[in-house]
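Asks: In order, the protein sequence lines correspond to chains A and V.
All letters in the first sequence, in the order written, are residues 1 to 226 by the numbering used here.
All letters in the second sequence, in the order written, are residues 227 to 452 by the numbering used here.
Every residue, glycine too, gets a C-beta built ideally from N, C-alpha and C.
Number of protein chains: 2
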Amino acid sequence: MEIQLQIKMNEKLFLRDPEQSELGKKIILHSIQLIHLNGFEAFTFKKLAEAIGTTEAGIYRYFENKHRLLMYITAWYWSWLEYRVAFHTHNIKDPVVKLKMVIKLLATTVEDDSRTSYVDESILHQIIITEGSKAYLTKRVSEDNKDHLFKPYKDLCAVIGNMILECNPQYKYPKSLASTIIEMAHFQNFFMNNLPSLTDFGKNKDEAEIVRFLETLVFSSLHSAH
Amino acid sequence: MEIQLQIKMNEKLFLRDPEQSELGKKIILHSIQLIHLNGFEAFTFKKLAEAIGTTEAGIYRYFENKHRLLMYITAWYWSWLEYRVAFHTHNIKDPVVKLKMVIKLLATTVEDDSRTSYVDESILHQIIITEGSKAYLTKRVSEDNKDHLFKPYKDLCAVIGNMILECNPQYKYPKSLASTIIEMAHFQNFFMNNLPSLTDFGKNKDEAEIVRFLETLVFSSLHSAH
DNA sequence: TTGTAAATGATAGTAACACTATCTTTGCAA
DNA sequence: TTGCAAAGATAGTGTTACTATCATTTACAA
């Protein structure tokens with residue numbers, strides 16, 4: 001049984017849909033690899049074009065600029081994660097169990113999903129950790145937000161926020177707690193690997209510890225009488 | 227009584243110490259303003275030189291490149307904040323009260339400190355929220371870390387981590403909780419103002435609510451039996 | 001089979017950016 | 001007054017971030 005997973009992306013993220021052509025898929029595949037290799041700052045369309053075997057102009061037909069490409073990639077990631085969350089929490093009734101699953105999905109290394117041939121999810125996860133927040137930490141956030149370019153992130157946050165409310169309908173900050181879980185799942189991972197003294201996981205560098213930290217953080221908030 | 231506040235900076239952050247000359251101080255003052263105005267990506271040494279009334283070459287005598295200048299500014303901010311934390315928690319014995327003070331200092335708009343003539347702290351606070359994490363979200367983190375360029379941030383984190391342990395010596399993740407407080411104080415502020423649906427503060431846009439959110443987050447963790 | 005349009009390839013060019021080099025002037029101190 | 005560091009002035013280089021144009025291939029439809 002061969003299933004293809006296709007994610008519908010906001011059309012404002014691209015000039016030409018990269019999923020609709022070989023060149024487009026190559027752009028996604030190689031940009032993820034190159035950003036992972038050199039970091040987003042050193043990543044250029046010229047290098048990307050060389051890696052693919054096309055020219056700069058070819059890339060520009062798909063993406064306005066490299067920041068838009070980053071936004072596309074991050075949006076894709078959050079959409080894919082929301083799908084995974086839906087899949088893995090399906091049929092689970094206990095909201096606590098669901099929330100634990102979400103934390104695990106967020107904070108644990110992912111394996112490449114063979115149903116998406118042109119995206120390597122394990123590398124993607126790595127670059128979202130380091131580069132993901134650069135998608136919105138700009139002067140253009142509000143404009144981009146009006147074009148709904150961050151919708152996948154916000155949707156995921158809303159899903160998690162609702163689970164939090166299921167756990168404790170009285171809890172006052174479901175959305176902020178949700179965005180905290182999302183961001184910290186990534187930042188604690190980055191710190192663990194790069195600035196370990198900002199975490200308590202430096203010795204073992206074990207993602208499972210991040211999961212435990214987030215679980216205590218979340219569930220003591222939700223169970224407390226505040 | 228006129229007191230000057232001087233912060234000793236790591237010498238690897240600059241080529242020539244900006245605090246030791248008029249031009250240097252102008253570079254700091256105007257770079258903060260320009261980054262605040264246009265964002266870090268659009269900020270260039272040429273624009274900075276024009277704003278100051280000098281040339282690009284003049285700036286390059288002080289800072290290797292604009293990323294180093296950002297690192298200098300953020301390091302300065304964290305040092306200043308650590309000083310403020312020390313000042314405002316001095317003579318307070320109750321660690322819970324101390325920790326609440328820290329959260330307030332982190333999450334609340336600061337006023338310009340008149341003892342530092344060449345730094346406008348209220349603008350500085352704003353740019354650290356948006357640009358601060360770009361100082362370390364790079365491929366060079368580990369190298370830069372070896373040169374101790376993030377020491378002020380790590381020191382602050384350690385100070386907060388110790389307060390956390392004072393509150394509850396059994397708590398397992400003092401450093402991760404500390405870095406979570408620091409990052410979330412800023413990110414929730416950014417989200418509140420730019421992507422409000424990621425928070426529960428969108429309506430009032432009131433920093434006091436961020437403080438309350440962080441307090442419940444922190445103290446339910448510290449008081450719980452986990 | 002040919003016609004047509006879309007996608008791609010190939011090449012060129014521009015303005016801005018990120019530097020580096022060099023030479024001159026200024027200020028101030030021994 | 002000489003000497004030296006800081007700053008000013010000017011120029012230049014390679015790269016980046018795009019835009020434009022025209023030729024070639026492909027795909028499918030008449």
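#1: Give the secondary structure of I258(V) by DSSP, where H, G and I count as helix, E and B as strand, and everything else as coil.
#2: Give the C-beta separation of L156(A) and L81(A) to the nearest angstrom, bearing in mind that I take them to be a contact with Cβ-Cβ under 8 Å.
#3: Between A158(A) and chain V, is the shortest Cβ-Cβ distance under 9 Å, so that the two count as touching?
#4: Taking M71(A) as the reference, give the member of L217(A), G161(A), K151(A), A178(A) with the closest Cα.
#5: Nearest by alpha-carbon distance to Q4(A): which of V119(A), T130(A), C167(A) is it?
#6: Give the interface partners of Q188(A) over in chain V, defined as CB-CB distance under 7 Å, in chain order.
#7: I'd like to check one pair, I123(A) with Q33(A): are the Cβ atoms closer than 9 Å?
#8: Cβ of A301(V) within 9 Å of Cβ of A361(V)?
#9: Applying the 10 Å Cβ sphere with the 16-neighbour rule, what's the burial state of P400(V)?
#10: Can you tell which of E245(V), E282(V), I299(V) has the C-alpha that lies nearest to the C-alpha of I261(V)?
#11: Quick one: Cα of T116(A) to Cα of Q6(A), how far?
#12: Examine the ligand SAH and report whether any of its heavy atoms sits within less than 8 Å of the Cβ of F266(V).
#13: Does the separation of the CB atoms of Y379(V) and I407(V) fall below 9 Å?
#14: List the residues of chain V that N194(A) touches, going by C-beta distances under 8 Å, in chain order.
#15: Might you give, ordered along the chain, the residues of its own chain that have their beta carbon closer than 6 Å to the beta carbon of I52(A), omitting 5 neighbours on each side?
#16: Check whether the Cβ atoms of E121(A) and F40(A) lie closer than 9 Å to each other.
#17: Specify, as a first and last residue, the run of the alpha helix (DSSP H) that M235(V) falls within.
#18: List the whole-angstrom C-beta distance separating N145(A) from L421(V), where the pair is believed to meet the contact cut-off of C-beta under 8 Å.
#19: Do L391(V) and Q414(V) count as a contact pair if the criterion is CB distance below 9 Å?
#20: Alpha carbon to alpha carbon, how far is C393(V) from K462(V)? Give it in angstroms, no decimals.
#21: Check the Cβ-Cβ distances between F271(V) and every residue of chain A, and say whether any is below 9 Å.
#22: Where in the stretch 123-195 of chain A do unbroken runs of the alpha helix (DSSP H), each at least 4 residues long, occur, reported from the N-terminal end onward?
#23: Tell me the rounded alpha-carbon separation between M192(A) and V367(V).
#24: Considering A283(V), what are the terminal residues of the alpha helix (DSSP H) in which it resides?
#25: Are there 16 or more other CB atoms within 10 angstroms of the CB of D206(A), so buried, or fewer, so exposed?
#26: Give the interface partners of D206(A) over in chain V, defined as CB-CB distance under 9 Å, in chain order.
#27: Is I329(V) helix, strand or coil when you go by DSSP?
#28: For S79(A), which of helix, strand or coil comes out of DSSP?
#29: Under DSSP, the alpha helix (DSSP H) around S447(V) begins and ends at which residues?
#30: Going along the stretch 284-317 of chain V in order, which residues come within less than 7 Å of chain A, judged by CB to CB distance?
#31: Between the Cα of K93(A) and those of H67(A), M163(A), R84(A), spot the shortest distance and give me the residue it belongs to.
#32: Could you check what DSSP says for E337(V) in three-state terms: helix, strand or coil?
#33: Please confirm if E41(A) has its CB atom under 9 Å from at least one CB of chain V.
#34: Using the Cα positions of H293(V) and Y303(V), report the straight-line distance between them to the nearest angstrom.
#35: Can D147(A) and K8(A) be called in contact, C-beta distance under 9 Å?
#36: Identify the contact partners of H223(A) in chain V, using a Cβ-Cβ distance below 9 Å as the criterion.
Replies: For this structure:
#1: Correct three-state label for I258(V): helix.
#2: Right, the Cβ-Cβ distance comes to about 6 Å (below 8 Å), so this counts as a contact.
#3: With a threshold of 9 Å between beta carbons, A158(A) makes contact with chain V.
#4: Relative to the Cα of M71(A), the nearest Cα in the group L217(A), G161(A), K151(A), A178(A) belongs to K151(A).
#5: That would be V119(A), whose Cα lies nearest to the Cα of Q4(A).
#6: One finds S402 in chain V with Cβ atoms closer than 7 Å to the Cβ of Q188(A), taken in chain order.
#7: The answer is yes: Cβ separation under 9 Å.
#8: Taking the C-beta atoms as reference points, A361(V) is found nearer than 9 Å to A301(V).
#9: The residue in question, P400(V), is buried, as its Cβ has 16 or more Cβ neighbours within 10 Å.
#10: Among E245(V), E282(V), I299(V), the Cα nearest to that of I261(V) belongs to I299(V).
#11: Straight through space, the alpha carbons of Q6(A) and T116(A) are spaced by roughly 8 Å.
#12: What this structure holds is no ligand at all, so the ligand SAH is not there to describe.
#13: Taking the C-beta atoms as reference points, I407(V) is found no nearer than 9 Å to Y379(V).
#14: Within chain V, the residues whose beta carbon sits less than 8 Å from that of N194(A) are Y362, V367, S368, N371, listed in sequence order.
#15: Counting only Cβ-Cβ distances below 6 Å, and skipping sequence neighbours, we find K26, H30.
#16: No, Cβ-Cβ distance for E121(A) and F40(A) is not below 9 Å.
#17: Note, M235(V): premise wrong, no alpha helix (DSSP H); not H, not E.
#18: Sure, about 6 Å apart at Cβ, within 8 Å.
#19: Contact: no.
#20: Nothing about residue 462(V) can be read from this structure; chain V reaches only from 227 to 452.
#21: Taking Cβ atoms only, chain A never reaches closer than 9 Å to F271(V), which makes this a no.
#22: If we require 4 residues or more, the alpha helix (DSSP H) runs fully inside the stretch 123-195 of chain A come out as 141-146, 151-167, 174-194.
#23: Computed Cα separation, rounded: 12 Å.
#24: Segment 282-286, the alpha helix (DSSP H) holding A283(V).
#25: Classification of D206(A): exposed, given that the 10 Å Cβ count is below 16.
#26: At a C-beta separation below 9 Å, D206(A) has no neighbours in chain V, since its nearest C-beta there lies roughly 13 Å away.
#27: In this structure, DSSP gives I329(V) a helical state, which the three-state scheme calls helix.
#28: Note: S79(A) maps to helix in three-state DSSP.
#29: The continuous alpha helix (DSSP H) containing S447(V) extends over residues 433-449.
#30: Of all residues in the stretch 284-317 of chain V, none comes within less than 7 Å of chain A when Cβ atoms are compared.
#31: Minimum Cα distance to K93(A) is reached at M163(A).
#32: Looking at E337(V) - three-state DSSP - the assignment turns out to be coil, as it is neither helix nor strand.
#33: Closer than 9 Å to some Cβ of chain V, the Cβ of E41(A) qualifies, so yes.
#34: Their Cα atoms are separated by approximately 15 Å.
#35: It is not a contact, given that the beta carbons lie outside the stated cut-off.
#36: Near H223(A) (Cβ distances below 9 Å), the residues of chain V are S446, S450.
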